[in-house]
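Residue numbers (our numbering), protein chains in the order written: chain C, 14 to 394; chain X, 14 to 394. Quick reminder that beta carbons are idealized off the backbone N, C-alpha and C, glycines included. Keep in mind that this is a model prediction, so the values were computed, not measured.
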């Protein structure tokens, strides 16, 4: 929450334009975050995870600061190029790609691709000959608030064969990637994955293939309700782990922050639509319904994984636990219920609330028109 | 799956326009479903739940057949009006409404509103004076594949007070509604809710308030993998329960089918993007990645609740269990994993698959641009 954002929202209210939920992203915070990463990991290139927030203003700022870009699709590659990034600063980081999309990326100049199996290597050898590939490995996501499934990556033992196959097909077997889980609050979690990566480096080196790069992935947290370690602590822990496993032959490294780059740059203003109880029982919990929910911006409340700080005009008054739900006619559109949320007893229908840390994974997660509700209104300032 | 849909998809492939997942909805099936409801429940008015699929062609067809419309927002009211419905055939069925949206609905001519608490009654009394209101009650969702949370409705004991308050404020205390859970496979589940409703009718009658209507909600299933009872069986079970609890003074009734009206009218064609294994272990499960997932159409696979039938060109061959996942760089974008899905062993990357029963809760659930992927391409024929 910054003064610039609060002023923008006050202007919007004064102009009577506050008809629905609205996200405001402050570019000053994005800039600070980028410079924080650059300082904490001075020898590491930053590939911003475009999917976290692909707003053109965010991409242009990061391109001008020298950031590279991790992309999930051809559309995201085009967005990064439009923002001023050159193709050599773009990674096609999705391990699941249609062959015709690899062709398109190659035509656009992209030469760096993620893989996690032999079939994907073969597509890239055909569609983007000679390109660099890095193999994603599975790793332990303990400590992450949003632990990843096994969807991406292969067992470390298999990665050697995948990269060897790439080399045999004329690709540049370039490195190894992993992801320690989103909103990873333990900086030491990079150590185990780096140990596996070092083993793959050694195995391939013995076969005459010299990998050059480690993609340290994302996972850098943003502050929600709990404090998180500073980015400097991540930098230190990662450098120690790199030294431990690679000695004085530390490879080129890249990181892919998304949430850590834009999460705390965004603030959503929403409105209390209804407050009610389900029965006359004195102990019955209050339900607080907002005009934003899982389908128009807060998809990351699924399974109550991300717990956003919510500020209200009644803060400071006595609180009581609430269930918080969204505005749609969908019964799964409930944000916090298993672990109820404390809100002021004096909170009223019509009040505006501020939802912090909402710069990442909100805008493009919005449904296109679910229940007739529009996607999340967004302003980048 | 109809011949008309298959022909449309074949034409699309021949024209080389098959670049991404695509939903095709056959209006003939929607018409059959509407007529099926009208026949099975001849004394009940049908309010189509617009949120299930608000395609203009679907709404226009239903309007021309005489359907009424259950809407969740002002935008949906406008869509129903644009399709040719008159305002007296529209219910604002969302229990969570901004007061200014009630004003807007009233200006558009809507006079029928859902409530589940005193605060909502007060909004309607101010914003839509004299309108009809029905109170939604909580009921047991056993037997539903998508059981509803407690988000909508109040305890039946509270409903009496809510409707009495509406009456005192000059509103028309019109009836009671409930919802037995989406994809409800047990036609007898309406009985318990009707028992509660009858009690509310009696209580209010003793206080001089004569309710007139019961909104039987939705819940009518569509056929996914398992067979479901025919709509006629629902009609019979509901009529028996109405007679049991209301004798020969059966009130006016309405139903709100959504899934049951359009679910089986839709078919999605998708593409296999990648097939891989996570390790060299012989028992390792296959992962099959499609170009459609939770974020671009199949949101109802959340928690693996809806299990769509999937047809492949290799059907008939030997099968083995797979994890099925979507194309995005999001690790939660996995469709079926806890209960793996049997697909042919000979299924290949690039194959087109057909996902049946996808006419409801797919198009507008799509994210606006997550990972750079567009919302679900849709054609109504």
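Asked                                                                                                                                     : Found
Whole-angstrom distance between residue 237(C) and residue 66(X), CA atom to CA atom                                                      : 36 Å
Start and end residues, beta strand (DSSP E) containing residue 290(C)                                                                    : 279-290
Proximity winner among 126(X), 246(X), 209(X), 371(X), relative to residue 18(X) (alpha-carbon distances)                                 : 371(X)
Contacts around residue 247(C), its chain only, beta-carbon distance under 7 Å, and the 5 residues preceding and following it disregarded : 53, 200, 233
Residue 323(X) classed as buried or exposed, judged by whether at least 16 other C-beta atoms fall within 10 angstroms                    : buried
Straight-line gap, residue 385(X) to residue 277(C) (C-alpha atoms, nearest Å)                                                            : 22 Å
Nearest-angstrom Cα separation, counted from residue 165(C) out to residue 98(C)                                                          : 26 Å
Nonlocal neighbours in the same chain, by C-beta distance under 8 Å from residue 167(X), ignoring five residues either side               : 129, 130, 148, 149, 150, 151, 175
Whole-angstrom C-beta distance between residue 124(X) and residue 145(X), which should lie under 8 Å                                      : 6 Å
Contact between the region 344-363 of chain C and the region 306-314 of chain C (3+ Cβ pairs under 8 Å)                                   : yes
Residues that residue 228(X) bridges to, as DSSP identifies them                                                                          : 190(X), 267(X)
Start-to-end residues for the alpha helix (DSSP H) that takes in residue 18(X)                                                            : 16-27
Inter-residue Cα distance where the pair is residue 343(X) and residue 249(X)                                                             : 45 Å
Residues of the region 79-103 of chain C whose Cβ lies closer than 9 Å to any Cβ of chain X, in chain order                               : 83, 84, 85, 86, 87, 88, 89, 90, 91, 92
Inter-stretch contact at 8 Å, needing at least 3 Cβ pairs: the region 77-96 of chain X / the region 43-61 of chain X                      : yes
Helix, strand or coil at residue 328(X) according to DSSP, with G and I counted as helix                                                  : strand
Bridge partners - residue 105(C), DSSP secondary structure assignment                                                                     : 84(C), 126(C)
Cβ-Cβ distance between residue 328(X) and residue 34(X) below 8 Å                                                                         : no
For residue 350(C), the first and last residue of its enclosing alpha helix (DSSP H)                                                      : Careful: residue 350(C) lies outside any alpha helix (DSSP H), inside the beta strand (DSSP E) at 347-357.
Span of the alpha helix (DSSP H), counted from its first residue to its last, around residue 60(X)                                        : Element bounds for residue 60(X): not the alpha helix (DSSP H) but the beta strand (DSSP E), 57-62.
Simplified DSSP assignment, three categories, for residue 54(X)                                                                           : coil
Residue 254(X) at chain C interface by Cβ criterion, 8 Å                                                                                  : no
Whole-angstrom C-beta distance between residue 380(X) and residue 378(C), which should lie under 8 Å                                      : 5 Å
Residue 289(C) versus residue 169(X): straight-line alpha-carbon distance, rounded                                                        : 15 Å
Identity of the residues DSSP links to residue 250(C) by a beta bridge                                                                    : Partner(s): none; residue 250(C) has no beta bridge.
Interface flag, residue 302(X) vs chain C, CB-CB below 8 Å                                                                                : yes
Reduced DSSP secondary structure (H/G/I, E/B, other) of residue 255(X)                                                                    : helix
Proximity below 8 Å, CB of residue 281(C) to CB of residue 229(C)                                                                         : no
Exposure of residue 261(X), with buried meaning 16 or more beta-carbon neighbours within 10 Å                                             : exposed
Beta-carbon neighbours of residue 151(X), restricted to chain C and to distances below 7 Å                                                : 291
Check whether residue 355(X) and residue 325(X) have beta carbons under 8 Å apart                                                         : no
Option nearest residue 191(X) by Cα separation, candidates 198(X), 227(X), 112(X), 330(X)                                                 : 227(X)
Check whether residue 96(X) and residue 121(X) have beta carbons under 8 Å apart                                                          : no
Interface partners of residue 235(C) on chain X, CB under 9 Å                                                                             : Ordered by position in chain X, no residue passes the 9 Å Cβ test against residue 235(C), which lies about 17 Å from the chain.
Cβ of residue 125(X) within 8 Å of any chain C Cβ                                                                                         : no
Euclidean distance between Cα positions of residue 25(C) and residue 335(X)                                                               : 50 Å
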